[in-house]
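Visitor: Position 123 of the sequence shown, counted from 1, bears residue number 122 in numbering that gives the first Met the number 0, the numbering being contiguous throughout.
Can you keep this structure in mind? I'll have questions shortly.
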Amino acid sequence: MPKRPATVRARGLGAELRELREQSRLTTREVAKRLGWSASTVSRTETGQRNISSEDVAALLALYGVTGEERDRLLALARKANQPGWWETHDPGLPSQLTALIGFESQATRIIDMQLALIPGLLQTPEYTRSVMERTGVPDHEIEARVATRMGRQVIFSRPSPPEYLAIIDEAALRRPIGGRTVMLEQLGRLMQTTEHSYVSVQVIPYDRGAHAGLNGSFVMLEFATAPRIVHLEHKRSSLFLDEPEDVSPFTASVDTLRDMALDPAKSAEFIASIASDYES
């Protein structure tokens, strides 16, 4: 069975424990020696790759001299760090990498979605999603469940503090008439409607801007309050998460370049409206 990627909660807890260790001026080897652990156990705890009990966290906090409300907060976080969310129990047929992505989306403070050929999933209408799946080989008996799952992911925008969301979309995604004119008109209308929210920005890269840094492939970057950012790459039969700084940094640089090349949000909204007019005629 493939290893499930670390939950964001576990990664966030690990990041805080690492910071406390560094403030205590202790190395992983010194912590391991005092607690009777291995250095690799300490390291995996700090990266969220190890299921950690509240008892283990209590031992670390005692070593680092953490008491009172801060201790209670971190112990509460430890008890929740590895609990499954609805995305991990709702449908056992969901690909493991998809369940991980949904988990990461639910905890992200900022999401950047660069798309070449499709409207970003978090901004899709049900009809658009269904049309994509019908044409990309998803078995008929799985389509409705997949559509429901994608719509369920969009609930992150309804939470009290939604993530900041930036979609960078190539013009090709707007021009391809997926599902026909009626579906595309509704989809572009939804796209313009979402940009009215302060936490959503859409920037379009028109054809006339020529080649750009996103042509190597679509990607999603997720940022978190207490954990390192990650990049999600998706292909037809597989997907991949990148979290090593040297792997993520080229995508961070690409985002800056792409934002400079794309139309600003206001002009992008006008551009989308003009394409919608083309579909109407």
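Glycine residues also receive a C-beta, built at the ideal position from the N, C-alpha and C atoms.
Note that the structure is a prediction, hence the values are computed from the model and not measured.
1) Helix, strand or coil: how does DSSP classify F223 here?
2) Give me the Cα-Cα distance between A172 and T194, rounded to the nearest whole angstrom.
3) Would you please state the rounded distance, in angstroms, between the beta carbons of T40 and G13? I believe it to be under 8 Å.
4) Look up Q82 in the DSSP assignment and say whether it is helix, strand or coil.
5) Is there contact here, the region 254 to 273 with the region 199 to 219, by at least three beta-carbon pairs under 8 Å?
6) For L187 versus A275, is the C-beta spacing smaller than 8 Å?
7) In its own chain, which residues sit with a C-beta less than 8 Å from the C-beta of V247, not counting the 5 before and 5 after it?
8) State buried or exposed for Q22, treating a residue as buried only when at least 16 other CB atoms are found within 10 Å of its CB.
9) Where does S273 land, buried or exposed, given buried means 16+ other C-beta within 10 angstroms?
10) What are the boundary residues of the alpha helix (DSSP H) that S130 is part of?
11) Mapping the DSSP letters down to three states, classify S283 as helix, strand or coil.
12) When you compare the CB positions of A58 and I167, do they come within less than 8 Å of one another, or not?
13) With 16 other CB atoms within 10 Å as the buried threshold, where does S237 fall?
14) Per DSSP, which residues does R109 bridge with? Please list them.
15) Does the beta-carbon distance from F223 to A107 come in below 8 Å?
16) Measure the C-alpha to C-alpha separation of A38 and Q48 and round it to an integer number of angstroms.
17) Could you check which residue in T46, F218, R149, L62 has the C-alpha nearest to that of L165?
18) Going along the chain, which residues of its own chain have a beta-carbon closer than 7 Å to the beta-carbon of H211, five neighbours each way excluded?
19) Measure the Cβ-Cβ separation of R152 and L121 and say whether it is below 8 Å.
20) Secondary structure at Q22, three-state DSSP: helix, strand or coil?
21) In chain order, what residues of the same chain lie with their CB nearer than 7 Å to the CB of S253, ignoring the 5 residues before and after it?
Guide: According to the structure data:
1) For the purposes of this step, residue 223 is taken as residue 224 along the sequence shown, with counting starting at 1. The answer is coil: DSSP assigns F223 none of H, G, I, E or B.
2) Counted from its first residue, the sequence shown places residue 172 at position 173. Counted from its first residue, the sequence shown places residue 194 at position 195. Computed Cα separation, rounded: 17 Å.
3) Walking along the sequence shown from the start, residue 40 turns up at place 41. Walking along the sequence shown from the start, residue 13 turns up at place 14. Not quite, the Cβ-Cβ distance comes to about 12 Å (not below 8 Å), so this is no contact.
4) Start at 1 with the first residue of the sequence shown, and residue 82 comes out as number 83. Coil, per DSSP.
5) yes
6) Mapped onto the sequence shown, residue 187 falls at position 188. Mapped onto the sequence shown, residue 275 falls at position 276. In contact: L187 and A275 (Cβ atoms closer than 8 Å).
7) Counting from one through the sequence shown, the residue named residue 247 turns up at place 248. So the list reads M220, P227, R228, I229, V230, L241, once near-sequence residues are dropped.
8) Taking the first residue of the sequence shown as 1, we reach residue 22 at position 23. So Q22 ends up on the exposed side.
9) For the purposes of this step, residue 273 is taken as the residue at position 274 of the sequence shown. Exposed, since its Cβ has fewer than 16 Cβ neighbours within 10 Å.
10) Sequence index remark: in the sequence shown, residue 130 carries index 131 (1-based). Its alpha helix (DSSP H) spans residues 125 to 134.
11) The question about residue 283 has no answer here: the residues shown for the chain are numbered 0 through 280.
12) Position 59 of the sequence shown holds residue 58. Position 168 of the sequence shown holds residue 167. It is not a contact, given that the beta carbons lie outside the stated cut-off.
13) Your numbering for residue 237 matches position 238 in the sequence shown. The residue is exposed, with fewer than 16 neighbouring Cβ atoms inside 10 Å.
14) Counting from 1 along the sequence shown, the entry for residue 109 is found at position 110. E163, E222, per the DSSP bridge assignment.
15) Translated into positions along the sequence shown, residue 223 becomes position 224. Translated into positions along the sequence shown, residue 107 becomes position 108. Cβ distance < 8 Å, so F223 and A107 count as in contact.
16) The residue you call residue 38 lines up with position 39 of the sequence shown. The residue you call residue 48 lines up with position 49 of the sequence shown. About 14 Å.
17) Stepping through the sequence shown from its first residue, residue 165 is reached at position 166. Checked all of T46, F218, R149, L62; the closest Cα to L165 is F218.
18) As a working note, residue 211 is residue 212 in the sequence shown. These residues qualify, in order along the chain: I204, L257, M260.
19) For the purposes of this step, residue 152 is taken as residue 153 along the sequence shown, with counting starting at 1. For the purposes of this step, residue 121 is taken as residue 122 along the sequence shown, with counting starting at 1. Contact: yes.
20) Translated into positions along the sequence shown, residue 22 becomes position 23. Helix, per DSSP.
21) Here residue 253 refers to the residue found at position 254 of the sequence shown. Result list for S253: A212, G213, in chain order.
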